[in-house]
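One structure is given below, encoded as structure tokens.
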Amino acid sequence: SSNQDSSGDTVRVLAASSLTEAFNTLASSFEKLHPGTKVTVSFGASSTIAEQVKGGAPIDVVATASTATMDQIQQAGALKQAPKSFATNTMEIAVPPTNPGNVTSLSQLADPAVKTVICAKQVPCGVAAQKVFENAKLTVTPISYEADVKAVLARVVAKEAQAGIVYRTDVLASGDKVKGIEIPAAENATTTYPIATVTDSANANEFFQFVLSDEGQAVLKEQGFGSPASAQ
Amino acid sequence: MLEIDATLQIGAHQADVQLTVQPGEAVGLWGPNGSGKTTIMRHVSGLAGVLDGRIANAGQVWDEPGSRTFVEATGRYVGYIFQELRLFDWQSVTDHLQLVASWRQQSVEDGVPMDELIEAFDLGDIASQTIGTLSGGQQTRVGIARSFIAAPSVVLLDEPFASLDESTRSQVANQLQQYICRFNCPALLVSHDRDDHVAMSARVVNMTDVVSTPVGA
Amino acid sequence: MLEIDATLQIGAHQADVQLTVQPGEAVGLWGPNGSGKTTIMRHVSGLAGVLDGRIANAGQVWDEPGSRTFVEATGRYVGYIFQELRLFDWQSVTDHLQLVASWRQQSVEDGVPMDELIEAFDLGDIASQTIGTLSGGQQTRVGIARSFIAAPSVVLLDEPFASLDESTRSQVANQLQQYICRFNCPALLVSHDRDDHVAMSARVVNMTDVVSTPVGA
Amino acid sequence: MNTALRTPRVVTVIAVVALAFLALPALAVLIRTPWSSFLHTLSSPEVAQAIWLSLRTSAATVILALIFGIPTAVLLSRLTGARAGWSRALVVLPLVLPPTVAGVALLAAYGGNGVLTAPFGIQLSFTTIAVILAQLFVAMPFLIITVEGALRGHGNQLAEAAAVLGASPKAILWRVTLRQIRPAIVAGSILCWARALGEFGATITFAGSFPGISQTLPTEVYLLLQTQPELAYSVSVVFILVSLTVVIALRRSWVGAVRDHA
Amino acid sequence: MNTALRTPRVVTVIAVVALAFLALPALAVLIRTPWSSFLHTLSSPEVAQAIWLSLRTSAATVILALIFGIPTAVLLSRLTGARAGWSRALVVLPLVLPPTVAGVALLAAYGGNGVLTAPFGIQLSFTTIAVILAQLFVAMPFLIITVEGALRGHGNQLAEAAAVLGASPKAILWRVTLRQIRPAIVAGSILCWARALGEFGATITFAGSFPGISQTLPTEVYLLLQTQPELAYSVSVVFILVSLTVVIALRRSWVGAVRDHA
Ligand SMILES: Nc1ncnc2c1ncn2[C@@H]1O[C@H](COP(=O)(O)OP(=O)(O)OP(=O)(O)O)[C@@H](O)[C@H]1O
Ligand SMILES: Nc1ncnc2c1ncn2[C@@H]1O[C@H](COP(=O)(O)OP(=O)(O)OP(=O)(O)O)[C@@H](O)[C@H]1O
Ligand SMILES: [Mg+2]
Ligand SMILES: [Mg+2]
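Each protein sequence line maps, in turn, to chains A, B, C, D and E.
Residues in the first sequence are numbered from 471 upward in steps of one, following our numbering.
Residues in the second sequence are numbered from 51 upward in steps of one, following our numbering.
Residues in the third sequence are numbered from 51 upward in steps of one, following our numbering.
Residues in the fourth sequence are numbered from 580 upward in steps of one, following our numbering.
Residues in the fifth sequence are numbered from 580 upward in steps of one, following our numbering.
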């Protein structure tokens with residue numbers, strides 16, 4: 471890989487778009503702690519991020535929403551050290567505030583009369599949704615497999631769907647536009663967010679450490695993410 | 051009878067035009083370049099509308115702003131040979147004639163049969179050639195022929211002999227005279243060659259006698 | 051001296067063409083429609099290439115496949131008045147003349163001064179009008195005028211009088227004769243009116259004498 | 580031989596640079612795609628299904644775009660003044676909408692709770708019709724603008740002649756006006772078709788993605804990129820080859836259109 | 580009055596339906612966007628920055644597309660036979676690539692490890708130049724195809740006349756050939772510009788989404804959709820309004836081009 475060390479006072483971060491709010495907050499906190507250092511974050515789908523790093527983008531730190539995409543990056547030999555998990559997320563059922571499908575539990579989603587949307591099996595939220603159904607021993611036929619979790623959420627907000635499987639953080643972030651229905655822990659699935667450095671720059675490493683630090687973890691918790699320790 | 055008694059826009063000016071042509075009669079318009087000969091033909095054919103007054107033919111009013119009458123070009127059945135021909139370059143001669151025939155379907159029976167036209171204007175050899183590749187004189191003959199596929203109510207000839215060779219010229223003049231007689235329709239002829247007017251037995255009128263400055267202009 | 055001794059493609063056929071025109075001389079081409087008059091002019095102007103033989107002017111070979119010589123149209127300085135004029139409809143008359151002058155920059159000095167052209171072809175009144183809105187005869191005059199902005203090496207006149215009114219016609223014929231004399235260049239004239247050839251004092255040749263079927267064809 | 584048609588050297592040089600710029604990225608992908616993944620792609624029924632859906636929907640889009648877009652272009656080309664400005668702005672609108680927003684906009688108008696559809700209880704989203712509508716929304720403007728530009732580039736001398744010869748307004752339009760701009764209609768159709776074929780954001784937002792119903796090839800590729808990027812590349816390459824086959828097959832009619840015209 | 584220019588009733592009806600279909604979704608978004616969020620949008624420096632970046636990069640793209648695309652169109656319009664087929668296929672290629680794959684392809688060719696850039700140690704990705712290249716890659720073909728279609732629709736009578744009058748090949752091209760198709764060049768530029776302005780997939784992949792550097796408006800909208808969908812809509816509406824202003828401001832030159840031509 472031809473990734474050069476970026477200039478001393480800037481940390482360039484690539485992060486999954488579901489981390490937008492969390493990483494914007496993390497960036498400004500880090501800048502306050504390290505005056506003179508600037509953190510710029512470019513967001514995108516995890517798969518886009520993987521392509522960018524493999525394509526030789528001039529980047530210091532990378533954080534994705536799935537271990538699968540991070541593995542791709544690692545296999546391409548782009549990482550300076552093994553990635554570390556820094557956050558987790560669990561799934562919830564999102565329904566419109568009026569709950570037109572009268573959904574109260576996961577098992578109802580197996581009823582074809584309940585219009586359900588989930589993510590496609592290729593994206594992390596789809597993998598998680600499938601795992602939830604497996605854990606609950608349910609066969610669910612959704613009306614659409616969306617490309618990302620925000621699309622699932624948008625369907626529910628627009629009342630196009632009566633239920634959707636989304637991340638807990640999404641339900642939290644959308645306020646009163648959707649209602650969350652919890653999935654019992656025994657049936658729930660967890661996704662893990664890994665982070666890694668791409669360059670040897672000191673700043674990159676410091677930002678990496680900062681995300682894993684107590685202060686960084688507090689920011690993530692505020693956004694609804696679980697701590698990495700909770701991953702199986 | 052074609053009657054023009056109207057105010058037209060000729061270039062930047064308005065002008066009163068008065069002209070009457072009997073059925074079967076050919077009137078030759080004689081006047082310098084830019085005197086409005088083509089402009090008069092555009093008004094008769096329905097491609098332009100008069101400002102005031104009226105144009106009528108065979109008792110039917112074609113254009114009279116006063117009574118809000120305007121018969122569109124399509125409905126006037128005028129046989130107009132344009133100064134710049136305006137053929138469809140991409141078609142073959144027969145395709146073009148057939149297309150025009152399809153547009154005048156209901157009156158094609160009264161027109162000149164296709165075979166007769168091809169014979170009369172010597173189009174046999176070039177019938178399947180693309181119009182865009184024809185020589186100047188060949189194109190002129192196509193332009194004339196297509197105007198008689200249906201029976202014309204009026205014939206407008208804007209320099210129809212321009213590119214025709216000597217023998218074709220007299221032959222076409224003859225043919226045109228015959229058609230005007232056959233369809234018993236009024237004809238207007240523009241040519242800058244006195245011989246052409248003679249060949250067509252046209253009553254020549256001077257543009258200065260036809261066109262006058264409107265009162266109060 | 052313009053010398054043509056070549057095999058040309060005329061329509062679907064190949065033909066041998068032999069013709070010599072002296073400097074200052076006008077030769078009138080006389081022949082029926084489709085006999086190849088325009089085709090000969092296209093070859094002289096450099097818009098088409100001969101199949102065999104050669105075309106030369108003033109001792110310079112313009113087209114000779116045998117020696118792989120071909121001077122392109124731009125380099126021949128031919129004054130060509132097209133049968134279909136080919137003006138740039140969107141320009142005003144002066145803009146058009148000025149544009150052509152800019153293309154022939156190096157030889158404009160030897161040409162006719164712009165003012166003289168506008169005077170000679172009576173373009174004063176329409177100098178700022180858009181060419182597309184000019185009458186047929188007005189356009190013809192622009193087409194002629196632009197060919198003399200630079201000194202022509204050969205003048206090609208393909209029915210230059212077609213739409214000109216009677217008085218303009220003789221005036222233009224006079225003017226053209228003067229220019230041919232002034233630039234001492236060979237000229238070819240196509241017209242289907244014998245009077246035009248007389249007016250231009252042209253030596254008329256029959257196309258049948260100029261064009262022959264190639265040996266072995 | 581003919582100066583009028585000689586291409587200036589600088590034009591050729593610039594054109595070759597531009598062509599290389601456009602071709603290189605696709606070649607780079609091609610080079611980096613392992614052949615094994617090709618075989619995998621070609622044998623995948625899912626991929627075949629997505630390609631087939633894409634070809635069908637984009638063909639439908641082009642046909643609808645021709646039916647609705649050409650009249651629109653004709654109307655636009657004849658409007659003048661403020662009405663022309665506003666109508667053209669309406670047509671350009673879908674072009675500048677980011678694709679996802681276009682999808683959201685389509686939902687707002689024609690979705691389950693759409694302004695137009697909700698009162699009639701019509702449910703279009705999640706259907707193949709929704710895919711076609713999404714493609715039509717983003718791709719038809721390309722046809723309209725191309726055709727309008729060409730229409731404005733021709734005078735109406737021949738249209739006038741046709742009117743005098745007895746042609747109805749419809750016949751004039753069909754046999755003269757549109758005939759004159761045939762190459763531009765072909766060009767506009769190609770742009771429209773290509774845009775429809777590559778459409779992703781609006782389709783997935785409005786029509787969702789269900790295999791065989793709304794999972795078009797770009798959606799399939801996007802999803803494959805998540806887990807098997809190599810496979811995504813090879814699917815793209817297959818897609819490119821299919822598209823090129825169509826373009827080259829269409830070339831005859833295109834060249835035909837030109838020859839007729841010359 | 581003039582039959583030749585009369586628009587058949589059925590054409591008008593179809594055109595109005597098509598215009599409504601294209602306009603309604605945007606209107607629906609407009610209706611559903613709360614006014615309060617507008618004020619928020621307009622006062623956000625981030626949004627202003629993204630709009631400004633989008634306008635600058637798309638303008639640069641159109642200029643580059645004109646410089647490189649017109650010669651390419653001229654060359655294509657003069658090629659015949661197999662070479663014409665292949666060159667045109669090269670141009671259509673970027674059109675049918677799904678946007679994300681286009682971004683990956685650009686990375687493969689011009690990225691840090693790119694086929695063309697790596698040997699020279701050039702790093703283009705994640706810069707504003709990368710944004711322009713991505714837009715150029717997806718948008719230039721629209722200009723090329725539109726202009727080529729128009730070029731094929733005109734004969735070369737006037738070009739021949741110009742050659743005889745002493746015009747160089749360059750002058751013929753500039754003063755005659757391109758002058759005749761001016762409306763099509765305007766149309767092609769609008770298509771190219773609109774496509775560039777709405778470009779998202781290739782841009783975010785090749786250039787990333789750094790505020791002020793590569794975060795264009797569609798990227799901004801995408802990211803806002805993740806966090807504040809309402810804001811995303813109002814940003815889109817602002818975006819639409821900015822685009823319309825540009826289109827209507829350009830109308831003069833467009834109409835001018837037409838008037839000159841008539
Ligand atoms: N669209 C227009 N705008 C301005 N002037 C015009 C327009 N159309 C025609 N004219 C002018 O109107 C006048 C009459 O033109 P018209 O074509 O009727 O002349 P004409 O008698 O047919 O001449 P010619 O013998 O040269 O064919 C001319 O001076 C011409 O320049
Ligand atoms: N591109 C072409 N394809 C086929 N035939 C052609 C082509 N161009 C010209 N011809 C034919 O070549 C012949 C000579 O044409 P040319 O234009 O030289 O005739 P001309 O002597 O100028 O006739 P006119 O007096 O009618 O102008 C004609 O029969 C014409 O149909
Ligand atoms: Mg006239
Ligand atoms: Mg001729």
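Cβ coordinates follow ideal geometry from the N, Cα and C atoms, glycine included.
Owing to the predicted nature of the structure, the values given are computational and were not obtained by experimental measurement.
Please confirm if residue i has its CB atom under 8 Å from at least one CB of chain E.
i, result
"C:L97", "yes"
"A:S614", "no"
Given 7 Å as the limit, tell me if residue i has its C-beta closer than that to any heavy atom belonging to ligand 3.
i, result
"B:D208", "yes"
"B:S152", "no"
"C:S185", "yes"
Does the beta carbon of residue i fall short of 7 Å from some heavy atom of ligand 1?
i, result
"B:L135", "no"
Quick check: does the Cβ of residue i come within less than 7 Å of any heavy atom belonging to ligand 4?
i, result
"C:T88", "yes"
Tell me, please, whether the CB atom of residue i is closer than 8 Å to any CB atom in chain C?
i, result
"E:L730", "no"
"B:S142", "no"
Residues in the same chain with beta-carbon distance under 8 Å from residue i, minus the five sequence neighbours each way, listed in chain order, please.
i, result
"D:H733", "T756, Q759 and I760"
"B:G174", "I168"
"E:T798", "A629, F779, T782, I783 and S788"
"C:L239", "A76, V77, G78, L79, L207, P210, D246, H247, M250 and A252"
"E:A687", "G693 and V694"
8 Å is my cut-off, CB to CB: does residue i come that close to chain B?
i, result
"D:E739", "yes"
Looking only at its chain, what residues have a beta carbon closer than 7 Å to the beta carbon of residue i, apart from the 5 residues adjacent to it on each side?
i, result
"E:P748", "none"
"B:S203", "N107, A108, R126, Y127, V128 and C235"
"C:H63", "none"
"B:G103", "D55, A56 and T57"
"D:I751", "A738, A741 and A742"
Using C-beta distances below 6 Å, list every residue in its chain close to residue i, excluding the 5 sequence neighbours before and after it, in chain order.
i, result
"D:R838", "Unreliable positioning characterises D:R838 in this predicted model, as indicated by a pLDDT of 44, which lies under 50. The coordinate reading is nonetheless provided below. So the list is empty, once near-sequence residues are dropped."
"E:S768", "V641"
"E:L643", "L715"
"E:A841", "At E:A841 the pLDDT is 36, less than 50, meaning the model places this residue with poor confidence and gives no usable figure here."
"B:G61", "none"
"A:A631", "K585, V587 and R625"
Is residue i near ligand 2, with its Cβ less than 7 Å from a heavy atom?
i, result
"B:D215", "yes"
"C:I60", "yes"
"E:N735", "no"
"E:S793", "no"
Does residue i get closer than 8 Å to chain D when you measure Cβ to Cβ?
i, result
"B:A200", "yes"
"E:V641", "no"
"A:S512", "no"
"A:V573", "no"
"A:E604", "no"
Are any of the Cβ atoms in chain A nearer than 8 Å to that of residue i?
i, result
"D:F789", "yes"
Below 9 Å between beta carbons is the criterion; list the residues of the region 741-758 of chain E that meet it against any residue of chain C, in chain order. Correct list: A741, A742, V743, L744, G745, A746, S747, P748, A750, I751, R754, V755 and R758.
Residues in the region 150-172 of chain C having any Cβ partner in chain E nearer than 7 Å: V150, W153 and R154
What residues from the region 685-719 of chain E come within 8 Å of chain A, judged by C-beta to C-beta, listed N to C? L686, A687, G690, G691, N692, G693, A697, G700, Q702, S704 and F705
Closer than 9 Å, Cβ to any Cβ of chain D: which residues of the region 118-136 of chain B, in chain order? Answer set for the region 118-136 of chain B: E122, A123, T124, G125, R126, Y127, V128, G129, Y130, F132, E134, L135 and R136.
When you check each C-beta in the region 799-818 of chain D against every C-beta of chain E, which residues fall closer than 8 Å? For the region 799-818 of chain D, which is checked against every Cβ of chain E, the residues closer than 8 Å are V800, Y801, L804, P808, A811, Y812, S815 and F818.
Proximal residues, the region 616-637 of chain D versus chain A, C-beta separation under 8 Å: none
When Cβ atoms are compared, which residues of the region 763-774 of chain D fall closer than 9 Å to chain E? Listed by position, the residues of the region 763-774 of chain D near chain E (Cβ gap below 9 Å) are A763, I764, V765, A766, G767, I769, L770, W772, A773 and R774.
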